[in-house]
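In case it helps, the working numbering puts the sequence shown at residues 78 to 840.
Glycine included, C-beta positions come from ideal geometry on N, C-alpha and C.
Worksheet: one structure, shown below.
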Amino acid sequence: MEENQIQARLRHVAGIILIAVLLLLAVGIGVAAFLVNSMVEVTNSQMRAETEEYKSRLNKQISSDFQILTTMSSFLEFSDVEQADNFAQILDESSLRNDFVTMAYFPVDNTGIVAIQGDPVRTSVQVTDMQPEVQDVVYRTWNGETVLSYLFESELIREKIFVYGIPVEKNGQVVGSLIASDQLEIFSDILSGDTVLGGNGHIHMINTEGRFLIRSQNAIVQEDIETIFEGPYFSDEEAERVQAALAAQETIYTSFRYKGHSYQALLQPVGINNWYMLCVNSMQESSGIYRIVMVIAVTFVGALLLMVILLAYGYRLTRHSNQELHAMAFQDPLTGGDNLRSFMLRLTETMPQSGDVNVVALNVHQFKFINEIFGRERADRLLCHIHQQLSGHLLPEEFCCRDNADRFFAVLRGTDAGQVAERLNQIVEEICRTALVNHSSDYRVMMYCGMLSAAECAAAPQDINGAMTRALFALERAKNANLSTVWIYDAELHKKEEIDNYVQSHMHQALQDREFCMYLQPKIDLRTGRLGGAEALVRWLPGNGRMLYPDQFIPLFEANGFSVSLDLYMVDCACRQLRAWMDQGIEPVPLSVNQSKLLFFEADYIPKLQQIIQQYNIPAHWITLEILEGLALENAEELNARIEQLRKIGFHISMDDFGSGYSSLNTLSRLHIDELKLDRGFLMEVVNQGNIRSRIIMEQVVQMAKRLGICVVVEGVETRENEELIRTLGCDFGQGYYYSKPIDTDAFTARFWGADQGKQAEK
Ligand code: C2E
Ligand code: MG
Ligand code: MG
Numbered sequence: 078m079e080e081n082q083i084q085a086r087l088r089h090v091a092g093i094i095l096i097a098v099l100l101l102l103a104v105g106i107g108v109a110a111f112l113v114n115s116m117v118e119v120t121n122s123q124m125r126a127e128t129e130e131y132k133s134r135l136n137k138q139i140s141s142d143f144q145i146l147t148t149m150s151s152f153l154e155f156s157d158v159e160q161a162d163n164f165a166q167i168l169d170e171s172s173l174r175n176d177f178v179t180m181a182y183f184p185v186d187n188t189g190i191v192a193i194q195g196d197p198v199r200t201s202v203q204v205t206d207m208q209p210e211v212q213d214v215v216y217r218t219w220n221g222e223t224v225l226s227y228l229f230e231s232e233l234i235r236e237k238i239f240v241y242g243i244p245v246e247k248n249g250q251v252v253g254s255l256i257a258s259d260q261l262e263i264f265s266d267i268l269s270g271d272t273v274l275g276g277n278g279h280i281h282m283i284n285t286e287g288r289f290l291i292r293s294q295n296a297i298v299q300e301d302i303e304t305i306f307e308g309p310y311f312s313d314e315e316a317e318r319v320q321a322a323l324a325a326q327e328t329i330y331t332s333f334r335y336k337g338h339s340y341q342a343l344l345q346p347v348g349i350n351n352w353y354m355l356c357v358n359s360m361q362e363s364s365g366i367y368r369i370v371m372v373i374a375v376t377f378v379g380a381l382l383l384m385v386i387l388l389a390y391g392y393r394l395t396r397h398s399n400q401e402l403h404a405m406a407f408q409d410p411l412t413g414g415d416n417l418r419s420f421m422l423r424l425t426e427t428m429p430q431s432g433d434v435n436v437v438a439l440n441v442h443q444f445k446f447i448n449e450i451f452g453r454e455r456a457d458r459l460l461c462h463i464h465q466q467l468s469g470h471l472l473p474e475e476f477c478c479r480d481n482a483d484r485f486f487a488v489l490r491g492t493d494a495g496q497v498a499e500r501l502n503q504i505v506e507e508i509c510r511t512a513l514v515n516h517s518s519d520y521r522v523m524m525y526c527g528m529l530s531a532a533e534c535a536a537a538p539q540d541i542n543g544a545m546t547r548a549l550f551a552l553e554r555a556k557n558a559n560l561s562t563v564w565i566y567d568a569e570l571h572k573k574e575e576i577d578n579y580v581q582s583h584m585h586q587a588l589q590d591r592e593f594c595m596y597l598q599p600k601i602d603l604r605t606g607r608l609g610g611a612e613a614l615v616r617w618l619p620g621n622g623r624m625l626y627p628d629q630f631i632p633l634f635e636a637n638g639f640s641v642s643l644d645l646y647m648v649d650c651a652c653r654q655l656r657a658w659m660d661q662g663i664e665p666v667p668l669s670v671n672q673s674k675l676l677f678f679e680a681d682y683i684p685k686l687q688q689i690i691q692q693y694n695i696p697a698h699w700i701t702l703e704i705l706e707g708l709a710l711e712n713a714e715e716l717n718a719r720i721e722q723l724r725k726i727g728f729h730i731s732m733d734d735f736g737s738g739y740s741s742l743n744t745l746s747r748l749h750i751d752e753l754k755l756d757r758g759f760l761m762e763v764v765n766q767g768n769i770r771s772r773i774i775m776e777q778v779v780q781m782a783k784r785l786g787i788c789v790v791v792e793g794v795e796t797r798e799n800e801e802l803i804r805t806l807g808c809d810f811g812q813g814y815y816y817s818k819p820i821d822t823d824a825f826t827a828r829f830w831g832a833d834q835g836k837q838a839e840k
């Protein structure tokens with residue numbers, strides 16, 4: 078799988094997991110928010126219930142206190158309030174019974190009587206001697222109002238108290254003011270503050286300016302502050318909102334921050350003197366549920382975070398190992414560049430689309446030597462240098478790779494093979510110039526290259542493997558030619574090499590399978606114009622409809638010695654054919670068989686020949702052995718001895734291709750041969766170039782042969798003129814396309830002994 082695909086999949090999976098995580102997170106946050114909201118609501122309603130409770134307790138106490146005062150005032154209506162002692166006693170008793178701190182009666186514009194708990198009753202007290210808050214109540218009741226004062230600190234008892242006052246009337250006229258001061262029981266609850274919200278809250282009393290009237294001892298804000306707006310606990314907007322609500326005597330839920338925590342609070346008007354109850358909830362700090370919710374939320378978020386971290390880690394790990402895999406699959410570990418696989422992938426993408434791709438293979442001369450002499454490390458450095466230089470010289474759309482060892486491939490662009498090769502030469506020159514294998518030695522690195530031109534690539538643009546193979550083939554040629562330049566791939570040459578390869582690897586099997594066939598080319602008697610003989614010429618039919626000609630394999634067989642076997646096989650074929658003709662009642666003609674030099678000097682050559690002719694019971698004179706002139710050059714004596722032996726048995730000896738090499742009349746005179754075959758080239762020279770000298774030489778050769786009793790055959794007779802010429806020159810036989818090309822034995826038989834002639838032969 079491609080790196081991109083893997084990454085896309087990873088991203089896909091990571092995306093899905095991330096979405097799942099985010100969804101879970103959203104659900105978690107939602108649940109937590111719901112729980113917290115529910116808790117806030119519960120707390121709010123609890124706070125409201127608590128403050129309502131306090132409010133009703135307060136109202137109850139106040140109204141009961143007023144009730145007492147009202148009862149006393151009606152009593153005073155009918156008493157003689159002037160009898161101070163008597164009244165003072167009543168007042169004192171009443172005060173004691175009702176837990177009032179003080180009680181007092183002030184007749185209008187007169188001195189009054191004041192009873193203080195635990196103190197003797199005071200009489201003739203001037204209103205003006207009283208605290209201003211008390212004076213205010215007295216004056217207002219004298220005016221007929223029922224009054225409840227603000228809280229204030231009593232000078233007498235040094236506690237916060239407030240004062241009730243009701244007018245005392247007689248006959249519809251206000252005659253005095255009955256007042257009582259009290260420390261409401263609720264205030265001590267507020268002060269101690271341990272009953273509010275089950276111990277998790279506090280209630281303060283404030284006025285509409287936010288000033289504390291009664292402040293709980295357990296207040297969350299520890300600092301000594303006068304109003305709720307002091308300090309940075311309310312945000313500016315919240316402070317404004319609260320102030321507006323207070324002014325409008327509205328109930329408001331609010332919150333403030335203290336020491337990093339947020340607290341809920343409720344401000345509820347009491348309905349008396351514009352007093353407010355401020356209920357603060359400290360539950361968020363202490364509540365078990367809240368803590369559980371928070372612990373759950375934190376654990377949840379923590380788990381999600383852990384998941385995300387694990388996911389990221391897993392992603393990184395996979396990515397990393399993927400990159401490593403990718404590097405292993407597509408990178409050359411030594412140079413860090415592309416490897417062959419990667420190169421081939423790019424070539425597969427590029428070659429079919431562009432007609433200017435030249436595939437180049439490069440190698441270092443004697444790299445094995447460099448490795449051994451200078452050590453592996455230096456050799457590796459050299460390879461890295463080559464890669465670096467090579468890739469540095471490439472144009473944007475070109476690329477290269479190191480395959481293995483010292484073999485590199487590159488793609489160069491350009492349609493002119495000559496120009497590309499020239500550029501490649503320069504690159505290689507530069508690589509070699511800058512490559513220092515060893516500082517102390519002046520060893521110069523040499524490289525050779527094979528190149529498959531753009532034209533060759535474009536001929537088979539899909540065949541990537543073929544292109545690489547052909548570039549390597551060219552590389553091999555460059556190596557064999559010992560070139561330090563570029564060898565451009567040659568299709569013809571490659572084909573020949575392919576055939577050579579096939580020939581070498583299949584020859585033995587082919588001989589076994591009788592893929593070698595004997596074709597016959599007639600030799601025509603120039604005096605009669607009749608068939609005078611035939612030459613056996615081998616053809617290789619590999620079985621796929623193809624036919625290989627002798628020049629495609631005979632030179633190889635001569636080099637590797639296989640011609641020995643093949644030539645004997647051909648003698649066998651000739652004898653078999655002669656036997657077939659004879660058995661058909663056809664008077665045969667002599668068959669000439671080409672004999673290679675190797676075979677001719679084989680120790681058991683002659684016995685083998687004898688064995689074959691005996692096997693088919695063929696008289697030896699039906700077989701002519703064609704030998705090459707070159708044989709005589711090396712050892713004429715030995716050759717003559719062989720020829721003598723063979724002739725004694727009855728074989729005819731023909732010298733083939735005379736005039737193609739170092740022909741010498743001297744050799745001719747020394748060899749005891751029966752026939753001389755003038756090479757086709759000899760005739761060509763005389764005919765085509767009208768060469769008088771050649772004609773004279775040919776004439777001389779023919780005459781000399783005649784004088785020596787040697788029969789003369791001319792090869793390569795292609796026209797009637799050719800025939801005329803050789804007849805004029807006195808030659809005996811002609812062989813060539815003019816008469817027939819080499820044909821298979823069936824065709825040959827049919828041609829020369831067709832049905833009728835065959836019958837004649839039978840008679
Ligand atoms: P060769 O023995 O001189 O055979 C004559 C060659 O000239 C044959 O080619 C034949 O086809 C060709 N030839 C004949 N007439 C004409 C003509 O008018 N014009 C032209 N252009 N060519 C003509 P082939 O069959 O390809 O054989 C080539 C050579 O291979 C032979 O030359 C011979 O030296 C060798 N050869 C063929 N068969 C055998 C064999 O069985 N054993 C050995 N050792 N060599 C063989
Ligand atoms: Mg021949
Ligand atoms: Mg010949």
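- Enumerate, from N- to C-terminal direction, the unbroken beta strand (DSSP E) stretches of 3 or more residues contained entirely within the stretch 344–424. Runs of the beta strand (DSSP E) spanning 3 or more residues and lying entirely within the stretch 344–424 occur at 353–358, in chain order.
- Item | Backbone secondary structure at GLU286 - three-state DSSP | GLU286: coil per DSSP, three-state reduction.
- Beta-carbon proximity of LEU716 to LEU702, cut-off 8 angstroms: In this structure, LEU702 does not lie closer than 8 angstroms to LEU716 by Cβ.
- Message: Taking 7 angstroms as the cut-off, is the beta-carbon of LEU702 closer than that to any non-hydrogen atom of ligand 1?
- Response: No.
- Taking only the alpha-carbon atoms, compute the straight-line gap between LEU417 and MET405 and give it to the nearest angstrom. The alpha-carbon atoms of LEU417 and MET405 are separated by roughly 12 angstroms.
- Can you find a heavy atom of ligand 5 that lies under 7 angstroms from the Cβ of GLU706? This structure lacks ligand 5; its bound ligands are ligand 1, ligand 2 and ligand 3.
- Could you give the DSSP three-state label for PHE677: helix, strand or coil? Collapsing the DSSP output to three states places PHE677 in a helix.
- Message: If the criterion is Cβ atoms closer than 8 angstroms, does the pair ALA611 and VAL666 meet it?
- Response: Their beta carbons are under 8 angstroms apart, which means ALA611 touches VAL666 by this criterion.
- Item | The alpha helix (DSSP H) enclosing VAL191, as first and last residue numbers | Note, VAL191: premise wrong, no alpha helix (DSSP H); beta strand (DSSP E) at 189–193.
- Examine ligand 2 and report whether any of its heavy atoms sits within less than 7 angstroms of the Cβ of GLU612. With a cut-off of 7 angstroms, the C-beta of GLU612 is classified as near ligand 2, since at least one heavy atom of the ligand falls inside that distance.
- Touching or not, the stretch 472–491 and the stretch 416–430, by the rule of three or more beta carbon pairs under 8 angstroms? By the Cβ test, the stretch 472–491 is in contact with the stretch 416–430, since at least three Cβ pairs between them sit closer than 8 angstroms.
- Message: Could you tell me the alpha carbon to alpha carbon distance between PHE451 and ILE508, rounded to whole angstroms?
- Response: Their Cα atoms are separated by approximately 18 angstroms.
- Message: Only counting the same chain, and skipping five residues up and downstream in sequence, which positions put a Cβ closer than 7 angstroms to that of ALA498?
- Response: Taken in chain order, the residues that qualify are MET528, VAL563, ILE565.
- Measure from the C-beta of LEU686 to each C-beta in chain C and report whether the shortest distance is under 8 angstroms. As a matter of chain content, chain C is missing from the structure shown, which is built from one protein chain.
- Is it right to say HIS464 is buried, meaning 16 or more other beta carbons lie within 10 angstroms of its own, or is it exposed? Around the beta-carbon of HIS464, 16 or more other beta-carbon atoms lie within 10 Å, marking it buried.
- Message: Among the candidates GLU236, ALA109, LYS445, whose CA atom is the shortest distance from the CA of LEU228?
- Response: It is GLU236 whose Cα lies nearest to the Cα of LEU228.
- Through-space distance from GLU232 to ILE167, alpha-carbon basis: Distance between the alpha carbons of ILE167 and GLU232 is about 24 angstroms.
- Task: Could you say which of SER731, ARG554, VAL434, LEU255 lies nearest to ASP540 if we only look at CA atoms?
- Result: Of the candidates SER731, ARG554, VAL434, LEU255, VAL434 places its Cα closest to the Cα of ASP540.
- Nearest-angstrom Cβ-Cβ length linking THR304 and GLY287, presumed shorter than 8 angstroms: That pair is a contact at about 4 angstroms.
- Task: On the DSSP bridge assignment, give the partners of GLU752 in chain order.
- Result: DSSP lists SER731, CYS788 as partners of GLU752.
- Task: Give a yes or no on contact between the stretch 815–825 and the stretch 784–791, applying the rule of three or more CB pairs nearer than 8 angstroms.
- Result: Counting Cβ pairs under 8 angstroms, fewer than three are found: no touch.
- Item | ligand 3 heavy atom lying under 7 angstroms from the CB of LYS818 | For ligand 3, not one heavy atom lies less than 7 angstroms from the Cβ of LYS818.
- Query: Which class does MET624 belong to by DSSP, given the choice of helix, strand or coil?
  - Reply: Coil, per DSSP.
- Message: Mapping the DSSP letters down to three states, classify ASP259 as helix, strand or coil.
- Response: Under the three-state reduction of DSSP, ASP259 is assigned to strand.
- Item | Where the beta strand (DSSP E) through ARG292 begins and ends | No beta strand (DSSP E) contains ARG292, which DSSP labels as neither H nor E.
- Query: ALA97 to MET545, Cα distance in whole Å?
  - Reply: Rounded to whole angstroms, the gap between the alpha carbons of ALA97 and MET545 is 50 angstroms.
- Answer yes or no: the CB of MET584 versus the heavy atoms of ligand 1, is any distance below 7 angstroms? No.
- Message: Please report the straight-line C-alpha distance between ARG86 and THR395, rounded to a whole angstrom.
- Response: Rounded to the nearest angstrom, the gap between the Cα atoms of ARG86 and THR395 is 11 angstroms.
- Message: Let's test the definition: count the other Cβ atoms within 10 Å of the Cβ of ARG757 and tell me whether it reaches 16, buried, or not, exposed.
- Response: Buried.
- Query: Measuring CB to CB, does TYR815 end up less than 8 angstroms from GLU800?
  - Reply: Going by C-beta atoms, TYR815 is nearer than 8 angstroms to GLU800.
- Message: Assuming ASP213 is part of the alpha helix (DSSP H), what are its boundary residues?
- Response: 209–219 is the extent of the alpha helix (DSSP H) around ASP213.
- Item | Limits of the unbroken beta strand (DSSP E) element including MET595 | Boundaries of the beta strand (DSSP E) harbouring MET595: 593–602, taken from the DSSP string.
- Task: Give me the Cα-Cα distance between LEU439 and ALA709, rounded to the nearest whole angstrom.
- Result: Separation of LEU439 and ALA709 (C-alpha to C-alpha, rounded to the nearest whole angstrom) is 46 angstroms.
- Helix, strand or coil at ALA109 according to DSSP, with G and I counted as helix: Helix, per DSSP.
- Message: What residue range does the alpha helix (DSSP H) around TYR579 cover?
- Response: Note, TYR579: alpha helix (DSSP H), 568–589.
- Message: Quick check: THR331 and VAL319, are their CB atoms within less than 8 angstroms of each other?
- Response: VAL319 is positioned such that its CB atom lies closer than 8 angstroms to that of THR331.
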